[in-house]
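**Q** Okay, so the sequence shown: first residue is 1 according to full-length UniProt numbering, each after it adds one. All C-beta atoms in this analysis are idealised placements derived from N, C-alpha and C, irrespective of residue type, glycine included. Have a look at this one.
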Amino acid sequence: MRINVLQHTPSEGPGSIKDWSISRGHEMYVYHPYQFDGVLPAADQTDMLIILGGPMSPNDSDEWILNERTLIQKLLDQNVPIFGACYGAQQIAKTLGYTIGKAPAKEVGWAPVYLKSNAVPDLPEKLVALHWHEEMFEIPEEAELLFSSDLLENQGFVMNHRVIGLQFHFEPQADDVREIVVNDAQYTKGSLLKQSSDDILNHLVPKENKEVMFKLLDYITN
1 MRINVLQHTP SEGPGSIKDW SISRGHEMYV YHPYQFDGVL PAADQTDMLI
51 ILGGPMSPND SDEWILNERT LIQKLLDQNV PIFGACYGAQ QIAKTLGYTI
101 GKAPAKEVGW APVYLKSNAV PDLPEKLVAL HWHEEMFEIP EEAELLFSSD
151 LLENQGFVMN HRVIGLQFHF EPQADDVREI VVNDAQYTKG SLLKQSSDDI
201 LNHLVPKENK EVMFKLLDYI TN
């Protein structure tokens, strides 16, 4: 399987998604459309699409952001597995015609999320995830609410056994968290989670996050 990854900032890479890809014997190709003149994979060369987070908004008018949604729509029409994290989940919802707007609260740091659906088997009822956002998506009518947090109901959705979007991050491992924080520590300001960059760095990445990431990716590819 060819997995095409859309990465949107140097500090937010695929993390444990790469580990999953290697363990399942897939090939991963990472694209950086924000940097390399909007280069994107072709739909007919995409067996699975991963859309990672970033500082931009789906409401921005950059041509490559619009072109991403054209690609997403083609893959939705073809029932290709798609996983989106943060901005990536917002792009999926925007492609389906739903609103992206300011969340009730800016969430930056570690906080629990709660399972709201049994669509994906064997997931824990509560997990602690890394949050790094202040926008949110509407849950598409075609989808099912998958996760909520204390500050935001719409934290994740699952659709048609092929698409999962999460507003938060299960994919970062310890090195990834360090990379995010040392480069974007100023973003913690104004977060209602009230965690400093040191607080975030000193929090151990829950081992179950990688296990759940694997289960989510297995679910949409099986």
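(1) Looking only at its chain, what residues have a beta carbon closer than 6 angstroms to the beta carbon of glutamate 208, apart from the 5 residues adjacent to it on each side?
(2) I'd like to check one pair, histidine 133 with glutamate 107: are the Cβ atoms closer than 8 angstroms?
(3) Buried or exposed for alanine 129, going by 16 or more other Cβ atoms inside 10 Å?
(4) Taking the continuous beta strand (DSSP E) assigned at asparagine 4, which residues delimit it?
(5) Can you check the UniProt domain "Glutamine amidotransferase" (36-171) for any alpha helix (DSSP H) of at least 4 residues that lies completely inside it and give the ranges in chain order?
(6) Cβ atoms of valine 181 and serine 191: under 8 angstroms apart, would you say?
(7) Give me the Cα-Cα distance between methionine 1 and threonine 46, rounded to the nearest whole angstrom.
(8) Assuming leucine 166 and phenylalanine 147 are in contact, meaning their beta carbons sit under 8 angstroms apart, how far apart are those beta carbons, in whole angstroms?
(9) Out of Asn222, His169, Met159, which one is the CA nearest neighbour of proline 112?
(10) Given a cut-off of 8 angstroms on the beta-carbon distance, is the pair proline 14 and methionine 48 in contact?
(11) How big is the Cα-Cα spacing for leucine 193 and tryptophan 110?
(12) Identify whether glutamine 205 lies in helix, strand or coil by the three-state DSSP scheme.
(13) Select from Glu63, Ser57, Ala93, Cys86 the residue whose C-alpha is nearest the C-alpha of glutamine 73.
(14) If I'm right that leucine 201 touches valine 177 with Cβ under 8 angstroms, what's the distance once you round it to whole angstroms?
(15) Could you give the first and the last residue of the continuous beta strand (DSSP E) run that contains glutamate 12?
(16) Spatial neighbours of leucine 76 within its chain, please: CB distance less than 6 angstroms, with the 5 preceding and 5 following residues excluded, ordered by chain position.
(17) Taking the alpha-carbon positions, what's the lysine 18 to methionine 28 distance?
(18) Straight-line CA distance for leucine 152 to glutamate 144?
(19) Classify phenylalanine 157: buried if its beta carbon has 16 or more other beta carbons within 10 angstroms, exposed otherwise.
**A** Let me lay it out:
(1) Indexing the sequence shown from 1 puts residue 208 at position 208. Once the five neighbours on either side are set aside, glutamate 208 has no close Cβ partner at all.
(2) If you number the sequence shown from 1, residue 107 lands on position 107. If you number the sequence shown from 1, residue 133 lands on position 133. Closer than 8 angstroms, so yes.
(3) For the purposes of this step, residue 129 is taken as residue 129 along the sequence shown, with counting starting at 1. Buried.
(4) For the purposes of this step, residue 4 is identified with residue 4 of the sequence shown, where counting begins at 1. That run of the beta strand (DSSP E) goes 2-6.
(5) 63-77, 87-95
(6) Position 191 of the sequence shown holds residue 191. Position 181 of the sequence shown holds residue 181. For serine 191 and valine 181, no; Cβs fall outside 8 angstroms.
(7) Along the sequence shown, read from residue 1 onward, the residue named residue 1 stands at position 1. Along the sequence shown, read from residue 1 onward, the residue named residue 46 stands at position 46. Each residue's Cα considered, the two are about 8 angstroms apart.
(8) Sequence index remark: in the sequence shown, residue 166 carries index 166 (1-based). Sequence index remark: in the sequence shown, residue 147 carries index 147 (1-based). About 7 angstroms separates the two Cβ atoms, so the contact holds.
(9) Here the question's residue 112 lines up with position 112 in the sequence shown. Closest option to proline 112, Cα to Cα, is His169.
(10) The count along the sequence shown starts at 1 and reaches residue 14 at position 14. The count along the sequence shown starts at 1 and reaches residue 48 at position 48. No; because the gap between Cβ atoms is not below 8 angstroms, this pair is not in contact.
(11) Numbered from 1 along the sequence shown, position 193 holds the residue referred to as residue 193. Numbered from 1 along the sequence shown, position 110 holds the residue referred to as residue 110. Going from the Cα of leucine 193 to the Cα of tryptophan 110 covers about 8 angstroms.
(12) Here residue 205 refers to the residue found at position 205 of the sequence shown. Checking the sequence, you will find valine at residue 205 rather than glutamine. Reduced to three states, the DSSP call for valine 205 is coil.
(13) What you label residue 73 is simply residue 73 of the sequence shown in a count that begins at 1. For glutamine 73, the nearest C-alpha among the options comes from Ala93.
(14) By one-based count along the sequence shown, residue 201 stands at place 201. By one-based count along the sequence shown, residue 177 stands at place 177. Contact holds; Cβ gap of about 7 angstroms.
(15) Your numbering for residue 12 matches position 12 in the sequence shown. Taken as a continuous stretch (DSSP letters only), glutamate 12 belongs to no beta strand (DSSP E), as it is neither H nor E.
(16) On the sequence shown, residue 76 is found 76 positions in, with the first residue counted as 1. Cβ within range, chain order: n/a, list empty.
(17) By one-based count along the sequence shown, residue 18 stands at place 18. By one-based count along the sequence shown, residue 28 stands at place 28. In a straight line, the C-alpha of lysine 18 is about 7 angstroms away from that of methionine 28.
(18) Within the sequence shown, residue 152 is the residue found at index 152, counting from 1. Within the sequence shown, residue 144 is the residue found at index 144, counting from 1. Their backbone Cα atoms lie some 15 angstroms apart in a straight line.
(19) The residue given as residue 157 occupies position 157 in the sequence shown. So phenylalanine 157 ends up on the buried side.
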